[in-house]
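Heads up, the thing below is written out as structure tokens.
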Amino acid sequence: MPDHPPETRQDLRDLSIRLILLLGAASLCGSLVSNGARSVTGPYILLLGGSAAIVGLVAGSGEFIGYALRSATGIYVGKNHRYWRAATAGYGLLAAIPLLAVAGRWETAAVLIIAERIGKAVRTPARDTILSYATTAVGRGWGFGVHKALDQIGAVAGPLVMAAALAVTGGYGMGFLLLGIPLAGVAVALFLAQSEVPRPGRLEREEEGDRDNLPGIVPYAAFIFLGMAGFVSFPLISFHLKAQSIVPDAAIPLFYAGAMTVSVAVALLVGRAFDRIGTHILLAIPALSIATVALAFSTEPGAAVAGSLVWGAGIGIFEPVLRASIAESTALDRRGRVYGSVSAIFGTAWFVGSAVMGVLYDVSIGHIVAYVVTVEAAAVAAYLWMYRSRIVVRLQEGLGEIIP
Numbered sequence: 176m177p178d179h180p181p182e183t184r185q186d187l188r189d190l191s192i193r194l195i196l197l198l199g200a201a202s203l204c205g206s207l208v209s210n211g212a213r214s215v216t217g218p219y220i221l222l223l224g225g226s227a228a229i230v231g232l233v234a235g236s237g238e239f240i241g242y243a244l245r246s247a248t249g250i251y252v253g254k255n256h257r258y259w260r261a262a263t264a265g266y267g268l269l270a271a272i273p274l275l276a277v278a279g280r281w282e283t284a285a286v287l288i289i290a291e292r293i294g295k296a297v298r299t300p301a302r303d304t305i306l307s308y309a310t311t312a313v314g315r316g317w318g319f320g321v322h323k324a325l326d327q328i329g330a331v332a333g334p335l336v337m338a339a340a341l342a343v344t345g346g347y348g349m350g351f352l353l354l355g356i357p358l359a360g361v362a363v364a365l366f367l368a369q370s371e372v373p374r375p376g377r378l379e380r381e382e383e384g385d386r387d388n389l390p391g392i393v394p395y396a397a398f399i400f401l402g403m404a405g406f407v408s409f410p411l412i413s414f415h416l417k418a419q420s421i422v423p424d425a426a427i428p429l430f431y432a433g434a435m436t437v438s439v440a441v442a443l444l445v446g447r448a449f450d451r452i453g454t455h456i457l458l459a460i461p462a463l464s465i466a467t468v469a470l471a472f473s474t475e476p477g478a479a480v481a482g483s484l485v486w487g488a489g490i491g492i493f494e495p496v497l498r499a500s501i502a503e504s505t506a507l508d509r510r511g512r513v514y515g516s517v518s519a520i521f522g523t524a525w526f527v528g529s530a531v532m533g534v535l536y537d538v539s540i541g542h543i544v545a546y547v548v549t550v551e552a553a554a555v556a557a558y559l560w561m562y563r564s565r566i567v568v569r570l571q572e573g574l575g576e577i578i579p
């Protein structure tokens, strides 16, 4: 399709919505693959001979490497504007997931799990930058919220596929192989999206994005780090469910599917809320993190279910708000780099938190709860620090207009 600029505001809005939906479809299929696998990585590593510490380390390492590399890939797409190339290459690494069926050893499984996370690092800054252009005409929070909701629909379907495979075959291999089928949907959606908008930067005018207005960046980064360092990873939750024999193996993916269902609804609500009240919605994260560990690590099935659902609500809040706030506050030429840098902070924190909680699990659940309460209290303090910094900046801007 010729890449002519949209002629009217309505044309721009329609084109932006189509692009958001196509990228959402790609993410839906990709999330089906990755989250179907992630719903059982804890018990699968246990089956292959790993321990709780290994589960926490693998989960944390995957997140850390996947997010840390985003800084480099963000710089790449920011300089070269090769958004579609990076997105396609990153989605291609989802092919590591079906190979888990023949892993045989926890070390091999760990390499494949981390490879998939590297793929996410390659594609995410490019995809988020494309989305930031597309959300200009439809509202940042709404656009990112819709995309996240579609992504989470895949995150619901993936665990259901895995649960069905476990129930029918009693093993993990067939489930991992079935997760390879949606890769075709990823390829088709990306092809259509690139054909629709080969140069996504044209969806946002330079004067609209010519800004760097993220006051309090240091406390903002501190909040992200602390908030995620206290946010437990689902592989550790699923490990607990299996290790304590709280539910049958086939039910564990259903816990993850339930969490992702909650995140779909929350992402849509939070997207609209962001367009009205901004980043204040992030203050829910510390409370949700504490509630998650208090409930999910119970030995009672009902409490474990509730903890998983609360965990899903946290997932539905964090990423859409972070992505929308960056799009709203950074200049076009720096956006890919900022997405990469913030993602690196996000992933480093998740690595640290996952590793610490994996080790603490072997000590006692009480130690995990104490750790999360301490870290999330510090996150609230960082947010208040950020809020104060923003007030000071606005006051200085106001005085600058009054006093020459």
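Numbered per the numbering used here, the sequence shown spans residues 176 to 579. All residues carry an ideal CB built from backbone N, CA and C; glycine is no exception.
- Taking the Cα of Val422 as reference, the smallest distance to any Cα among Pro218, Ile192, Thr183 is reached at Pro218.
- Around the beta-carbon of Ile460, 16 or more other beta-carbon atoms lie within 10 Å, marking it buried.
- The beta carbon of Tyr242 sits closer than 6 Å to the beta carbons of Ser518, Ala519, Phe521, Gly522 from its chain, once the five residues preceding and following it are set aside; these are given in chain order.
- Val372 and Tyr558 have their alpha carbons spaced roughly 37 Å apart.
- Excluding its 5 nearest sequence neighbours in each direction, Ile399 has C-beta neighbours in its own chain below 8 Å: Leu497, Val517, Ile520, Phe521, Ala524, listed in chain order.
- Straight-line spacing of the CA atoms in Ala434 and Ala339 works out to 17 Å.
- Bounds of any alpha helix (DSSP H) do not take in Glu475, whose DSSP letter is neither H nor E.
- Shown here for Ile490: same chain residues with a beta carbon closer than 6 Å to its own, the five before and five after excluded, namely Ser438 in chain order.
- Going by DSSP, Asp326 is part of the alpha helix (DSSP H) stretching over 315-344.
- Straight through space, the alpha carbons of Trp486 and Ala426 are spaced by roughly 17 Å.
- About 15 Å separates the beta carbons of Leu194 and Thr263, which is beyond the 8 Å limit, so they are not a contact pair.
- Judged by their CB atoms, Leu411 and Ser539 are not nearer to each other than the 9 Å cut-off.
- Just so you know, the alpha carbons of Ala469 and Leu457 end up roughly 20 Å apart.
- By alpha-carbon distance to Pro357, the top candidate from Gly333, Phe472, Thr216, Ala471 is Gly333.
- Sequence-distant partners of His415 (beyond 5 residues in either direction) whose C-beta falls short of 6 Å from its own C-beta, in its chain, are Phe472.
- Shown here, Ala312 sits in coil according to DSSP, grouped into three states, outside any helix or strand.
- Around the beta carbon of Arg374, a 10 Å sphere encloses fewer than 16 other beta carbons of the protein chains shown; the residue is thus reported as exposed.
- Rounded to the nearest whole angstrom, the C-alpha separation of Phe430 and Val407 is 15 Å.
- For Pro428, the enclosing alpha helix (DSSP H) stretches over residues 427-452.
- Short of 8 Å from the beta carbon of Phe493, and not among the five residues preceding or following it, lie these beta carbons of its own chain, in chain order: Gly402, Met403, Phe406, Leu457, Ile460.
- Taking the Cα positions, Val277 is about 38 Å away from Leu443.
- Between the C-alpha atoms of Pro476 and Ile250 there is a straight-line separation of about 45 Å.
- Secondary structure at His455: helix, using DSSP grouped into helix, strand and coil.
- The C-alpha of Glu551 lies about 42 Å from the C-alpha of Leu367.
- Non-local C-beta neighbours of Val313 in its own chain, meaning closer than 8 Å and more than five positions away in sequence, comprise Arg188, Ser191, Ile192, Ile195, ordered along the chain.
- By the beta-carbon neighbour count (other beta carbons within 10 angstroms, threshold 16), Asp326 is buried.
- The beta-carbon distance between Glu291 and Ser209, rounded to whole angstroms, is 6 Å. This is short enough to meet the 8 Å contact definition.
- Scanning the stretch 210-239 from its first residue to its last, the whole alpha helix (DSSP H) runs of 4-plus residues come out as 216-222.
- At a Cβ-Cβ threshold of 9 Å, Gly265 and Ala296 count as neighbours.
- CA-CA distance, Gly279 to Asp186, rounds to 52 Å.
- Going by C-alpha positions, Val547 is about 29 Å away from Leu223.
- Just so you know, the alpha carbons of Ala227 and Asn255 end up roughly 42 Å apart.
- Between Gly199 and Gly316 a beta carbon distance of about 15 Å is seen, past the 8 Å cut, so the two are scored as non-contacting.
- Contact annotation, Ser483 with Ala330: C-beta distance approximately 13 Å; criterion of less than 8 Å not satisfied.
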